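A quick write-up on the structure given underneath.
Residue numbers (my numbering), protein chains in the order written: chain A, 222 to 548; chain B, 9 to 313.
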């Protein structure tokens with residue numbers, strides 16, 4: 222049951238064995254919980270219900286988290302204590318500074334552009350006849366994996382050398398050629414390539430922004446909209462004075478939510494460039510240092526940095542969430 | 009990972025109650041310019057996927073020499089690319105990875121869902137010492153990025169002799185899903201009227217039978233929403249798979265297979281295009297069939313990981 226399954230029937234058998242084992246554990250918990258009758262047994266029922274969860278979180282999340290923080294103060298092999306040297310590397314080494322710069326680009330551009338597009342689209346679609354279909358088209362990229370999205374866009378950016386009768390097969394380069402330009406190796410030129418990768422995440426996240434904001438827009442009381450309309454305001458005034466102020470807390474939630482996701486972006490960078498050509502970001506660099514370059518200490522420090530960067534955004538996110546709920 | 013977004017569910021309901029007013033307003037507001045803008049943006053958003061989809065049905069030679077837009081002047085359709093990614097060409101067999109993805113996903117959804125439902129019930133309806141502290145702790149660990157846990161967790165799995173098996177993925181995905189699942193289901197359970205629980209207790213029902221007979225039936229929409237979200241999260245995951253199943257092909261999911269294909273054969277577009285669509289057929293189907301739950305679940309957990 223605990224060995225590597227290699228054939229399909231073996232795999233499926235192992236899956237059912239695992240599910241059965243899990244069901245047995247649940248059965249034992251529920252059996253004992255059922256025996257604990259009366260209100261005095263209540264707290265023991267609760268502890269039983271919580272036991273597996275607390276165990277899993279302690280071993281699978283809390284312990285590894287603390288361990289990583291501890292290891293971020295050690296050298297590449299994880300043997301010698303080196304204090305804050307790994308963190309110093311992150312903020313002084315040239316390659317690492319490029320990583321930080323790229324991460325800043327990602328976090329600044331993705332949430333804002335995705336949210337603006339999502340908001341505009343939500344407003345426009347609110348007035349159109351094929352609303353649900355139009356929404357589905359924008360939302361679809363959100364359902365596929367970042368890897369598949371990256372493959373789709375890598376094909377868009379594909380480059381063929383500009384010689385003889387060679388034709389472009391990537392649409393972007395073909396458009397450049399149609400406009401009379403020379404085809405470019407789009408994913409190689411820095412810092413342009415980072416922005417081209419950012420486009421992929423914007424393409425994915427705009428659907429999220431659109432869906433959440435659309436729900437918020439529809440919740441704006443009709444009488445406010447109607448009153449403004451009777452006053453004869455223009456579409457722009459309506460947008461600036463009614464729509465945006467009404468959904469402001471939701472906009473903040475969307476911005477911060479996308480921001481948190483953007484900080485951890487890894488799949489896109491890895492699939493499209495592998496972090497080469499100066500495109501690496503913190504989450505990708507963490508993976509490369511930890512699992513490819515065998516620099517445990519630096520990898521751990523990058524993971525901790527990610528953790529530290531996420532905290533203020535999460536706090537802000539939770540606060541605006543409370544605000545928008547309180548409304 | 010941060011808090012859930014219960015707000016959209018509420019706003020969605022508010023919106024549906026006013027469908028009529030909105031309908032009238034919409035009729036008044038419908039403008040051709042808005043429609044045109046919508047069409048332009050949706051076309052821009054669809055073209056990348058469409059281009060690769062068209063390519064996946066073109067012969068290998070044509071994909072590599074001409075742009076997919078020439079398909080419309082010279083349409084040749086073939087299924088060879090799909091045959092190739094299902095094993096006709098050496099080294100690539102998406103069928104195997106497809107099975108792996110399913111085998112990884114099913115327990116990775118069922119286990120955290122059941123465990124979180126029990127825990128959420130305890131937090132929502134049982135009084136016990138240490139409740140608030142424990143709930144706050146679980147709420148707080150939501151923000152831990154999974155990157156922080158990966159290497160120590162991998163070492164633990166190696167010590168336990170589990171490395172290279174499905175168990176690593178089942179355990180890792182289940183653990184990572186718990187904080188958000190507990191928080192979400194707890195919020196949902198708190199909305200069940202206390203009188204319902206009290207009545208059941210007066211009738212002599214224990215916490216086990218209340219959980220199964222009162223709570224579970226009411227909880228179905230929340231379970232469905234989170235289940236779908238978690239399913240897609242696991243199906244689309246790359247990082248966890250790369251760390252725990254990266255060693256060999258035995259347990260690698262389809263996303264990892266696609267990523268590897270893109271890394272090793274980055275210009276084999278006949279394989280990449282077909283492979284990409286084999287990998288997205290499941291999430292897209294889920295999306296089209298269960299859109300309502302899907303959107304709700306996605307909004308609730310969009311910041312996980």
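Built from N, CA and C at the ideal position, the CB exists for glycine as well.
The structure presented is a predicted model; accordingly, all values stated were derived computationally and were not measured.
For residue 323/A, does the count of other Cβ atoms within 10 angstroms reach 16, so buried, or fall short, so exposed?
The residue in question, residue 323/A, is buried, as its Cβ has 16 or more Cβ neighbours within 10 Å.
Identify every residue that forms a DSSP beta bridge with residue 101/B.
Residue 101/B pairs with 94/B.
Please confirm if residue 199/B has its CB atom under 8 Å from at least one CB of chain A.
Not one chain A Cβ lies under 8 Å of residue 199/B.
Going by other Cβ atoms of all chains shown within 10 Å of its Cβ, with 16 needed for buried, is residue 289/A buried or exposed?
Label assigned to residue 289/A: buried.
Give the secondary structure of residue 223/A by DSSP, where H, G and I count as helix, E and B as strand, and everything else as coil.
Three-state DSSP puts residue 223/A in coil, outside helix and strand.
Do the segment 205 to 219 of chain B and the segment 137 to 153 of chain B make contact, defined as three or more Cβ pairs closer than 8 Å?
Result no; under three Cβ-Cβ pairs closer than 8 Å.
Going by CA-CA distance only, name the one from 262/B, 42/B, 121/B that's closest to residue 184/A.
Nothing about residue 184/A can be reported from this structure: the residues present for chain A run from 222 to 548 only.
What residues are listed by DSSP as bridge partners for residue 549/A?
Given a span of 222 to 548 for chain A in the structure shown, any question on residue 549/A remains unanswerable.
For residue 381/A, which of helix, strand or coil comes out of DSSP?
In this structure, residue 381/A counts as coil in the three-state DSSP scheme.
Residue 244/B: which of 294/B, 70/B, 66/B sits nearest, CA to CA?
Among 294/B, 70/B, 66/B, the Cα nearest to that of residue 244/B is on 294/B.
Whose C-beta lies closer than 6 Å to the C-beta of residue 506/A among residues of the same chain, with five residues either side of it excluded?
Closer than 6 Å at the Cβ level, and outside the excluded window around residue 506/A, lie 320, 523.
Excluding sequence positions up to five away, which residues of its chain have a Cβ less than 8 Å from the Cβ of residue 409/A?
Result list for residue 409/A: 498, in chain order.
Given that residue 528/A touches chain B, what residues does it touch there, using C-beta distances under 9 Å?
Simply 151, 152, 153, 155, 156.
So residue 211/B is in the alpha helix (DSSP H); what residue range does that whole segment cover?
That residue, residue 211/B, is in no alpha helix (DSSP H); it is neither H nor E in DSSP.
Let me check understanding here. Comparing Cα to Cα, which of 155/B, 224/B, 45/B, 84/B lies closest to residue 129/B?
Out of 155/B, 224/B, 45/B, 84/B, 224/B has the C-alpha closest to the C-alpha of residue 129/B.
Hey, out of 300/B, 299/B, 283/B, whose CA is closest to residue 366/A's CA?
It is 283/B whose Cα lies nearest to the Cα of residue 366/A.
Go to residue 157/B, then tell me how far its alpha helix (DSSP H) extends in each direction, as first and last residue.
Looking at the DSSP string, the run of the alpha helix (DSSP H) that includes residue 157/B is 155 to 167.
Are residue 71/B and residue 278/B closer than 8 Å when you measure CB to CB?
Cβ atoms of residue 71/B and residue 278/B: closer than 8 Å.
Mind checking if residue 225/B is an interface residue toward chain A, Cβ cutoff 8 Å exclusive?
For residue 225/B, the answer is no, since every Cβ of chain A falls outside 8 Å of its Cβ.
Please determine whether the Cβ atom of residue 139/B lies at a distance below 7 Å from any heavy atom of the ligand FAD.
For the structure depicted, the ligand FAD is absent and the ligand set is empty, with no information on it obtainable.
With 8 Å as the threshold, decide whether the Cβ of residue 221/B is near any Cβ in chain A.
Closer than 8 Å: no.
So does the segment 507 to 518 of chain A actually touch the segment 440 to 450 of chain A, counting three or more Cβ pairs closer than 8 Å?
Output reads no: the segment 440 to 450 of chain A does not touch the segment 507 to 518 of chain A.
For a contact meaning CB atoms closer than 7 Å, what does residue 123/B contact in chain A?
Simply 273, 274.
For residue 245/A, report the span of its alpha helix (DSSP H) as first-last.
Where residue 245/A is concerned, the enclosing alpha helix (DSSP H) stretches over 229 to 256.
Just how far apart, CA to CA, sit residue 172/B and residue 259/B?
Each residue's Cα considered, the two are about 7 Å apart.
Do residue 468/A and residue 413/A have their beta-carbon atoms positioned less than 8 Å apart in this structure?
Against a cut-off of 8 Å, the Cβ pair of residue 468/A and residue 413/A comes out as no contact.
On the three-pair Cβ rule with 8 Å, is the segment 371 to 388 of chain A touching the segment 515 to 529 of chain A?
Taking 8 Å as the limit for Cβ pairs, the verdict is that the segment 515 to 529 of chain A does not touch the segment 371 to 388 of chain A.
Assuming residue 282/A and residue 183/B make a contact with CB atoms under 8 Å, what is their CB distance in whole Å?
The pair is a contact, with the Cβ atoms about 6 Å apart (cut-off 8 Å).
Which same chain residues, not among the five before or five after residue 26/B, have their C-beta less than 7 Å away from its C-beta?
Below a pLDDT of 50, predicted positions are generally treated as unreliable, and residue 26/B, at 48, falls in that range; the measurement from the model is reported next regardless. The answer is none, since no qualifying residue turns up.
What residues in its chain sit with their C-beta under 7 Å from that of residue 280/B, if we drop five residues either side in the sequence?
So the list reads 269, 270, once near-sequence residues are dropped.
Quick one: residues in its chain with C-beta nearer than 6 Å to the C-beta of residue 325/A, no 5 flanking neighbours on either side, listed in chain order?
Once the five neighbours on either side are set aside, residue 325/A has no close Cβ partner at all.
What are the boundary residues of the alpha helix (DSSP H) that residue 491/A is part of?
Run containing residue 491/A: 488 to 493, per the alpha helix (DSSP H) assignment.
Buried or exposed for residue 385/A, please, with buried defined as at least 16 other CB atoms from any protein chain shown within 10 angstroms of its CB.
With fewer than 16 Cβ atoms within 10 Å of its Cβ, residue 385/A is classed as exposed.
Using a cut-off of 8 Å between C-beta atoms, extract the partners of residue 224/A located in chain B.
In chain order: 173.
How far does the alpha helix (DSSP H) with residue 223/B in it reach, from first residue to last?
That residue, residue 223/B, is in no alpha helix (DSSP H); it is neither H nor E in DSSP.
Using alpha carbons as the reference points, say which of 238/A, 250/A, 274/A lies closest to residue 147/B.
Residue 147/B has its Cα closest to that of 274/A, out of 238/A, 250/A, 274/A.
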